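For the sequence shown, the numbering used here begins at 1257 and goes up steadily by one.
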Amino acid sequence: RDPFGNHWEVMEHPFVLFPQQQQANGGVSGAVIGVRNIEESLRVYRDILGYDELIYDQSGLFDDWQGLPGAGGQFRRLLLTHTKHYQGSFSPFFGPSYIELIQSLDRPARGVFDGRIWGDPGFMHLCYDINGIDELRNEVSQKGFPFTVDSARATESLDMGEAAGNFSYIQAPEGTLIEFVETHKIPLLKKIGWYLNLRKRGERPLPRLLLRMFAFMRVK
């Protein structure tokens, strides 16, 4: 549990971007999400986000949750990952990812934002780096989850000072907000005015040398 009361699950995984660096962890590799109905939520996590590989589908009582708040009772757990190896400018950073969907079987589910609002301390939404926001807009609309926020409708590229791009949101059936960010420009070395233009890069990953330079922007 972190200083803000958020619970983290730590897992061992062979993916390491820079193995020679001694870090406490390798970053975030997924999320555990409580849902009202797993089959309904799969319409987003499997059919839109592409988590199409089932690792396990289990129901019952779970010993690995002992001591966690609200963990008593019967649950169904579904762990998913991708069969496709997705490519993009920052894909070497992110590596494989996982989503675990959890449904309580013996009590009614609560909404994600019951008793709180967006911006409160805690996990509030998921964010994905994407290419092709126009194509995605059409896809999610056809699948019944149109953008609830769509910056590209207002401007070709939203200027955020040091960075630029577009962003959008959809909302999963259980209430989880999912953000999509299409990055157009990011600072690399601000002191010398060096920025990366990613508009025409497509799905090509950035070279590792450039990825290493992001260490100079790290907030310690």
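Note that CB positions come from ideal geometry on N, CA and C, so glycine has one too.
Just so we're clear, the structure is a prediction, and the values are computed from it rather than from any experiment.
Those residues which DSSP pairs with residue i across a bridge
i: Phe1436; result: Tyr1384, Ser1424
i: Phe1401; result: In DSSP, Phe1401 forms no bridge with anything.
i: Ile1358; result: Gly1290, Arg1333
i: Asp1415; result: Ala1420
i: Lys1203; result: Look at the range of the chain in this structure, 1257 to 1476, and you will see that residue 1203 is not part of it.
i: Ile1373; result: None; Ile1373 has no bridge partner.
Residue i in three-state terms, based on DSSP
i: Asp1313; result: strand
i: Lys1340; result: coil
i: Ile1304; result: coil
i: Trp1264; result: coil
i: Leu1462; result: coil
i: Ile1389; result: helix
i: Asp1406; result: strand
Classification of residue i by the beta-carbon crowding that lies within 10 angstroms, buried from 16 upward
i: Gln1359; result: buried
i: Gly1344; result: buried
i: His1440; result: buried
i: Glu1438; result: buried
i: Leu1310; result: exposed
Run of the beta strand (DSSP E) containing residue i, from where it starts to where it stops
i: Leu1454; result: Looking at the DSSP string, Leu1454 is not in any beta strand (DSSP E), and its letter there is neither H nor E.
Element boundaries [alpha helix (DSSP H), containing residue i]
i: Val1291; result: Where Val1291 is concerned, there is no enclosing alpha helix (DSSP H), given that its DSSP letter is neither H nor E.
i: Ser1347; result: 1347-1350
For residue j and residue i, believed in contact at Cβ under 8 Å, the rounded distance
i: Tyr1451; j: Pro1443; result: 5 Å
i: Thr1339; j: Leu1382; result: About 20 Å separates the two Cβ atoms, so there is no contact after all.
i: Leu1335; j: Tyr1312; result: 5 Å
i: Pro1377; j: Phe1271; result: The pair is not a contact, with the Cβ atoms about 29 Å apart (cut-off 8 Å).
i: Ser1424; j: Ile1389; result: 6 Å
is_contact[residue i, chain D] using C-beta, thresh 8 Å
i: Arg1393; result: Any reference to chain D falls outside this structure, which holds one protein chain only.
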